[in-house]
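Numbers 1 to 214, taken from this note's numbering, label the letters of the sequence shown in order.
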Amino acid sequence: MKNLFHLFTYVCLVLVLLACKQEDEEVMPEVVATDQWQLDERFLFDRKAQYNTYLDTERNALYFMGSRYFSKISMEEGEEGISSFIPGLFHPLDARMPISSNIFTTGDGGRVRFIPTEDPISNFTFSLDLEEFIPNYGSFNFPHYLTSEAILINSKNECLIPYYIKEDNLLINSNLLKVDLTVERLGARDVAIDTVKTQIIELPYELSNILISM
C-alpha cells in the first residue's frame, strides 16, 4: 500500500511538471530577427534588374550593370557609398555586358562603347561602330546572358566581340573582332580608353556554328 502511495505521488509530480513546462512554452515571447533584407530605395523601378556584377577587391568596390544604369557600391573610411551612372548607350536585355577591373562595355545597333570602370562619366571613352568598320557586318552575335558574357575582356584589356557576317542580306557565318585597348590615367580622377589595334578573326564553319548555337 505504501509503495502504491509513493507511485501515485510520483505520477502526480510528473504531471505537474509537464503542465508547468507546457505553460512556460506557451508564454514564451517570439524572438524577432534583427538581421533582415531591406529594400534599398536607390534600386527601385528600372534599377531593380541587374544583369552583371563585378567585385574589385583592390578598390573595395562592387559594380553592377543594369538595363540602363551602371552602379558602384564602395566602402570609404568605413562608410558605404552608392553611385549610379547612365552609360549613355543601351544594350540588348537578353545579353550580359561584361565588367572588368578597368573596362565595362555597352553595345547596341552595331556600336560598342568601352567605358572606364573607375570613371564611368569619363569624357575619354572609346566607341567602335562595326557597321562602318566591317564591310560585311550583319549584326552582333551575343550569346544568351545565361550562357556567357556578351563580350569577353581579359586582364590585358583585350576584347573579343562576336558578330554575324552577311551575304546577299543573309546571315551566313559568325566571326570575332579582337580589340586591344589601353587604359590611361590622365589626372587624379580622369581615366581614358583608346584602341591599339583591331583584328578580324575568321572562324571555321564548325566553330562558327557552335558560336551561333550558344
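Every residue, glycine too, gets a C-beta built ideally from N, C-alpha and C.
Check                                                                                                                            : Outcome
Where Glu23 sits in the DSSP three-state scheme                                                                                  : Interpretation of Glu23 is limited by its pLDDT of 45, a score under 50 that renders its predicted location unreliable; the figure taken from the coordinates is listed afterwards. The answer is helix: DSSP assigns Glu23 an H, G or I state.
For Leu176, the first and last residue of its enclosing beta strand (DSSP E)                                                     : 170-185
Glu80, DSSP secondary structure in three states                                                                                  : strand
Cβ pair Phe86, Tyr69 closer than 8 Å                                                                                             : Per the sequence shown, the amino acid found at residue 86 is Ile instead of Phe. Cβ distance < 8 Å, so Ile86 and Tyr69 count as in contact.
Residues near Ala192 in its chain [Cβ-Cβ closer than 6 Å; skip 5 each side]                                                      : Phe124, Glu184, Leu186
Contacts around Glu26, its chain only, beta-carbon distance under 7 Å, and the 5 residues preceding and following it disregarded : Note on Glu26: pLDDT 49, under 50, position unreliable in the model; the coordinate value appears next. Same-chain partners within the cutoff: there are none.
Contact the segment 90-99 vs the segment 146-157: 3+ CB pairs below 8 Å                                                          : yes
Rounded Cβ spacing between Phe133 and Gly107 (contact assumed at less than 8 Å)                                                  : Wrong, their Cβ atoms sit about 13 Å apart, outside the cutoff.
Every unbroken alpha helix (DSSP H) within the segment 79-163, with a cutoff of 4 residues, ordered by chain                     : 130-133
Proximity below 8 Å, CB of Phe126 to CB of Thr198                                                                                : no
Distance between Lys166 and Glu131 (C-alpha atoms, nearest Å)                                                                    : 11 Å
The beta strand (DSSP E) enclosing Asn234, as first and last residue numbers                                                     : In the structure displayed, the chain extends from 1 to 214; residue 234 sits before or after that span and is not available.
Alpha-carbon spacing of Gly81 relative to Ala61, whole angstroms                                                                 : 9 Å
Length of the line joining the Cα atoms of Gly66 and Ser101                                                                      : 17 Å
Cβ shell of Ala188 (< 7 Å), same chain only, five flanking positions each side left out                                          : none
Best match in Leu39, Tyr164, Tyr51 for proximity to Gly138 [C-alpha to C-alpha]                                                  : Tyr164
Same chain, Cβ closer than 6 Å to Pro120, neighbours up to 5 away in sequence not counted                                        : Phe70, Phe85
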